[in-house]
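Q: I have a structure here, written as structure tokens, and I will follow up with some questions on it.
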Amino acid sequence: MSGKLTDQNEVLLRQIHPNFYSGGKPASDRFRPQPSDVGRMSVDRGALTTAAESHHLYTSGGRASAAVFGVSVAEFSDEDLSSFADPVPATSETDPNPAHAIVDYTPFPEDQWKLISKRLALKAVKRGQLHP
Amino acid sequence: MIDEKRVFSLHYFGARFADNRLPVEVLPDLQAFRELLLSYTKDEWRRRHPDRKKLPKNFSSELELALFDIADGSAIPRLEWRRASTQPALFLVEDEFDEAVEAAYQSVIDLIDPSNTLTAKLDASKISALNRLGAALHEGERIDFASRNQFGKVVSLDAKRRKELIGEYKQTYSSRIEGSGELIGTTSPSDTSGQCYIELDTGKFGKISVPVDRLQLYEDFADFLNSEVRFDLLVELDLNDNFKGVLDVFEVALQDDPHADAIAEARERLDEFSRFEDGWHDGTGKAIERRAINAALDFIVGTRSLSADIRVFPIESGGILIDATLGTWEYSIEFLGSGGAEMYGVDTASESEMLPCYFENVDNVIADFVRRAEA
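Quick mapping for you: the protein sequence lines, in order, are chains C and L.
Okay, so the first sequence: first residue is 207 according to our numbering, each after it adds one.
Okay, so the second sequence: first residue is -18 according to our numbering, each after it adds one.
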């Protein structure tokens, strides 16, 4: 985890797996860390990539994504959540992802993540699906 | 030629009876009325002939009662009675049968009259007839009977009075009920001569078993669990209106459900999720628990009439998430593998929020969700 993201207008991109996408909307739990995320939710930085490029990189590694939605740094900040750049280097199996970032939920107990995610999902839906 | 002195008029009151219309559902009342009248006629004959141990032969068929007119008011079926034959030996004087029938009619009036505190012992035939007379009356409907003596008293039989009367003699009474319920199960014994049943969750009357034909069960119901079924039944209720059993089935059929497509879509997704194995989400994600799937489906079916916009998702820990838009509120209900559920929500029109609230079973979640919808 490196530098904290400070551009409040920057939109952070979130991939939505097909199982978590219905009726043109993402599941409301997609904007909080899952059990394997150890409190840090992965996103891609809109300042360094586009929704389409982010989606391509994500799915080219064999993972599925039905849609890309976005939440701004300011909207995370409104929830007292900090975002950090977290570029991922290339491995023998994956391309590098210099746009990768994480949102840190660890200051809050897990039982508070649900409503945070709910509010963020509403903002993401209001912004609209960014890709495809 | 109608003999007005031999005409009985039953005055039906209620919206269903406007414009002198008599729904066919109440026609069994007329037969029940005849049986009640006949039973009292027999009593009157016995009173007049205490020395006779048996009724004259063919006494029961002697009283013929025929519907010949439905007068306006709201609906007044007019019944004329006649003797089937003239048996000179049946009565000592010519007019005795007429007098016995008139006395019997007054006994019917006295029976229904709530101010008559002298409770007469009713035999089985009267209780049986009473249990059918007015069984199809709805709330707010009644049948008025006018006395033909010099006082002309009018007494009313409605659902409440029926229950009072029958309740004095037995612990249950019959009532015709119409409504709809969710199809929650079917029973078809391996013995092909055995009676088949469908189980309905009716809400008001709880879970009831309705006998159906074996062919009807397979053709109409077997593939439609959780669908809405319309019923029209004669049932036995206890005096607290608890369902005791089905006496007769007039109609039982799948009902057009405006929410059927949404339910089918949700069921399809749940079926898909039920096949997930561990690692279903890019290597993570536990297999979805059957209890969570069943509870989610129960919730969707149980709340469909609220017309909430519902979206169904798996949860990586093995549960089911339902996101539901209800008015300005966005709710999430997480159904857990334990069978419990957690609900929380956000009001998009205000700062209001519902903090995560745990429910031990799906019935409680449904009740709370319905309460919120109706608030």
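Don't be surprised by glycine CBs; every beta carbon is placed ideally from N, CA and C.
Computed from a predicted structure; not experimentally measured.
Below 7 angstroms between beta carbons is the criterion; list the residues of the stretch 297 to 320 of chain L that meet it against any residue of chain C, in chain order.
A: Residues passing the 7 angstroms Cβ filter: Glu297, Ser298, Leu302, Asp304, Glu311 and Ser313.
Q: Mind pulling the chain L residues with CB within less than 7 angstroms of C:Asp213?
A: Locating residue 213 of chain C in the first sequence gives position 7, counting from the first residue. Within chain L, no residue has its beta carbon less than 7 angstroms from that of C:Asp213; the closest one is some 27 angstroms off.
Q: What span of residues does the beta strand (DSSP E) with C:His306 cover, start to end?
A: Locating residue 306 of chain C in the first sequence gives position 100, where the first residue counts as 1. Here the beta strand (DSSP E) through C:His306 covers His306 to Asp310.
Q: With 16 other CB atoms within 10 Å as the buried threshold, where does L:Tyr339 fall?
A: Position 358 of the second sequence, counted from the first residue, corresponds to residue 339 of chain L. Around the beta carbon of L:Tyr339, fewer than 16 other beta carbons lie within 10 angstroms, which makes this residue exposed.
Q: Tell me, to the nearest whole angstrom, how far the beta carbon of L:Leu214 is from that of L:Phe231; I am working on the premise that it is less than 8 angstroms.
A: The residue given as residue 214 of chain L occupies position 233 in the second sequence. The residue given as residue 231 of chain L occupies position 250 in the second sequence. Between L:Phe231 and L:Leu214 the Cβ distance is about 7 angstroms, and since that is below 8 angstroms, they are a contact.
Q: Who are the near neighbours of L:Glu120 in its chain, counting only those whose CB is closer than 7 angstroms to its CB and skipping five residues on each side?
A: Working through the second sequence from its first residue, we reach residue 120 of chain L at position 139. Cβ neighbours of L:Glu120 beyond the five flanking positions: Ala140.
Q: How many Å lie between L:Gly166 and L:Asn345 at the Cα?
A: Within the second sequence, residue 166 of chain L is the residue found at index 185, counting from 1. Within the second sequence, residue 345 of chain L is the residue found at index 364, counting from 1. Approximately 21 angstroms, taken between the alpha carbons.
Q: Can you tell which of L:Ala268, L:His262, L:Ile274 and L:Val227 has the C-alpha that lies nearest to the C-alpha of L:Glu249?
A: Start at 1 with the first residue of the second sequence, and residue 249 of chain L comes out as number 268. Comparing Cα positions, the closest option is L:Ile274.
Q: Can you give me the C-alpha to C-alpha distance between C:Ser278 and L:Ala247, rounded to a whole angstrom?
A: Residue numbering aside, residue 278 of chain C sits at position 72 when the first sequence is read from its first letter. Residue numbering aside, residue 247 of chain L sits at position 266 when the second sequence is read from its first letter. Near 32 angstroms, if we compare the C-alpha coordinates of L:Ala247 and C:Ser278.
Q: So which residues of chain C does L:Val293 contact, with C-beta pairs closer than 7 angstroms?
A: Here residue 293 of chain L refers to the residue found at position 312 of the second sequence. What L:Val293 touches in chain C: Ser228.
Q: Using a Cβ-Cβ cut-off of 9 angstroms, state whether L:Arg248 counts as contacting chain C.
A: The residue given as residue 248 of chain L occupies position 267 in the second sequence. No, L:Arg248 does not count as interfacial toward chain C.
Q: Taking 8 angstroms as the cut-off, does the stretch 182 to 199 of chain L touch the stretch 127 to 146 of chain L (at least 3 CB pairs, one atom from each stretch)?
A: no
Q: Looking at the unbroken beta strand (DSSP E) that takes in L:Ser190, where does it start and where does it end?
A: The residue given as residue 190 of chain L occupies position 209 in the second sequence. Residues Lys188 to Val193.
Q: Given that L:His240 touches chain C, what residues does it touch there, using C-beta distances under 8 angstroms?
A: Working through the second sequence from its first residue, we reach residue 240 of chain L at position 259. Here the premise fails: no neighbours, minimum Cβ distance about 15 angstroms.
Q: With a cut-off of 9 angstroms, does the C-beta of C:Asp235 fall near any C-beta of chain L?
A: Taking the first sequence and counting its residues from 1, the one referred to as residue 235 of chain C is at position 29. Yes, contact with chain L.
Q: Under the DSSP definition of a beta bridge, which residues are partnered with C:Arg325?
A: Taking the first residue of the first sequence as 1, we reach residue 325 of chain C at position 119. None; C:Arg325 has no bridge partner.
Q: Keeping to the same chain, check which residues put their C-beta closer than 6 angstroms to that of L:Glu159; ignore five residues upstream and five downstream.
A: Taking the first residue of the second sequence as 1, we reach residue 159 of chain L at position 178. Annotation for L:Glu159: Asp213 place their beta carbon closer than 6 angstroms to its own, counting only its chain and skipping 5 residues before and after.
Q: Could you tell me the distance, in whole angstroms, from the CA atom of L:Ala289 to the CA atom of L:Leu307?
A: The residue labelled residue 289 of chain L in the question sits at position 308 within the second sequence. The residue labelled residue 307 of chain L in the question sits at position 326 within the second sequence. Near 5 angstroms, if we compare the C-alpha coordinates of L:Leu307 and L:Ala289.
Q: Taking 9 angstroms as the CB-CB cut-off, is L:Gly260 touching chain C?
A: Reading the second sequence from its first residue, position 279 is the one you call residue 260 of chain L. Closer than 9 angstroms: no.
Q: Could you tell me how far apart the beta carbons of L:Arg292 and L:Asp304 are, in whole angstroms, since I believe they sit closer than 8 angstroms?
A: Position 311 of the second sequence, counted from the first residue, corresponds to residue 292 of chain L. Position 323 of the second sequence, counted from the first residue, corresponds to residue 304 of chain L. At roughly 5 angstroms, the Cβ-Cβ gap stays under 8 angstroms, so L:Arg292 and L:Asp304 are in contact.
Q: Could you pull the start and end residues of the beta strand (DSSP E) that L:Asp219 belongs to?
A: Within the second sequence, residue 219 of chain L is the residue found at index 238, counting from 1. It spans Glu209 to Asp219 - the beta strand (DSSP E) in which L:Asp219 sits, taken as one unbroken run.
Q: Using alpha carbons as the reference points, say which of L:Ala330, L:Pro31 and L:Trp62 lies closest to L:Leu358.
A: Residue 358 of chain L lies beyond the range of chain L shown here (-18 to 356); nothing can be said about it.
Q: Alpha carbon to alpha carbon, how far is L:Asp24 from L:Leu138?
A: Indexing the second sequence from 1 puts residue 24 of chain L at position 43. Indexing the second sequence from 1 puts residue 138 of chain L at position 157. Distance between the alpha carbons of L:Asp24 and L:Leu138: 22 angstroms.
Q: Would L:Phe49 be called buried (16 or more neighbouring beta carbons within 10 Å of its own) or exposed?
A: The residue you call residue 49 of chain L lines up with position 68 of the second sequence. It is exposed - the Cβ of L:Phe49 has fewer than 16 other Cβ atoms within 10 Å.
Q: From what residue to what residue does the alpha helix (DSSP H) around L:Asp91 run?
A: Taking the first residue of the second sequence as position 1, residue 91 of chain L is located at position 110. Where L:Asp91 is concerned, the enclosing alpha helix (DSSP H) stretches over Glu77 to Ile93.
Q: Short of 7 angstroms Cβ to Cβ, which residues in the stretch 249 to 271 of chain C face chain L?
A: Those residues of the stretch 249 to 271 of chain C that come within reach of chain L (Cβ to Cβ, closer than 7 angstroms) are Arg269.
Q: For the stretch 254 to 278 of chain L, which residues have a CB atom closer than 7 angstroms to at least one CB atom of chain C, in sequence order?
A: His262, Asp263 and Thr265
Q: In three-state terms, what does DSSP make of C:Val274?
A: Sequence index remark: in the first sequence, residue 274 of chain C carries index 68 (1-based). Strand.
Q: For C:Gln240, name the three-state secondary structure that DSSP assigns.
A: The sequence position of residue 240 of chain C within the first sequence is 34, counting from 1. It is coil, neither helix nor strand.
Q: Quick one: which chain L residues come within Cβ less than 8 angstroms of C:Lys324?
A: For the purposes of this step, residue 324 of chain C is identified with residue 118 of the first sequence, where counting begins at 1. Neighbours of C:Lys324 on chain L, chain order: Glu311, Ser313, Tyr325, Gly326 and Val327.
Q: DSSP has C:Gln221 in a bridge; who is on the other side?
A: Residue 221 of chain C sits at position 15 when you count from the first residue of the first sequence. Per DSSP, C:Val274.
Q: Based on Cα-Cα distance, which residue from C:Pro338, C:Pro293 and C:Lys320 lies nearest to C:Ala253?
A: Walking along the first sequence from the start, residue 253 of chain C turns up at place 47. Looking at the Cα atoms, C:Pro293 is the closest of the given residues.
Q: Taking a cut of 8 angstroms between CB atoms, which residues from the stretch 297 to 318 of chain C lie near chain L?
A: Cβ contacts with chain L: Asp317.
Q: Does the beta-carbon of C:Gln250 have 16 or more other beta-carbons within 10 angstroms, so that it is buried, or is it exposed?
A: In the first sequence, the residue the question calls residue 250 of chain C occupies position 44. Reading off the sequence shown, one finds Asp at residue 250 of chain C, where the question assumed Gln. Looking at its Cβ environment, which holds 16 or more other Cβ atoms inside 10 Å, C:Asp250 is buried.
Q: Excluding sequence positions up to five away, which residues of its chain have a Cβ less than 8 angstroms from the Cβ of L:Glu334?
A: Position 353 of the second sequence holds residue 334 of chain L. Taken in chain order, the residues that qualify are Tyr325, Gly326, Val327 and Asp328.
Q: Do L:Ala277 and the ligand GDP come close, with the Cβ less than 8 angstroms from some heavy atom?
A: With respect to small molecules bound, the structure shown includes none, and the ligand GDP cannot be examined in it.
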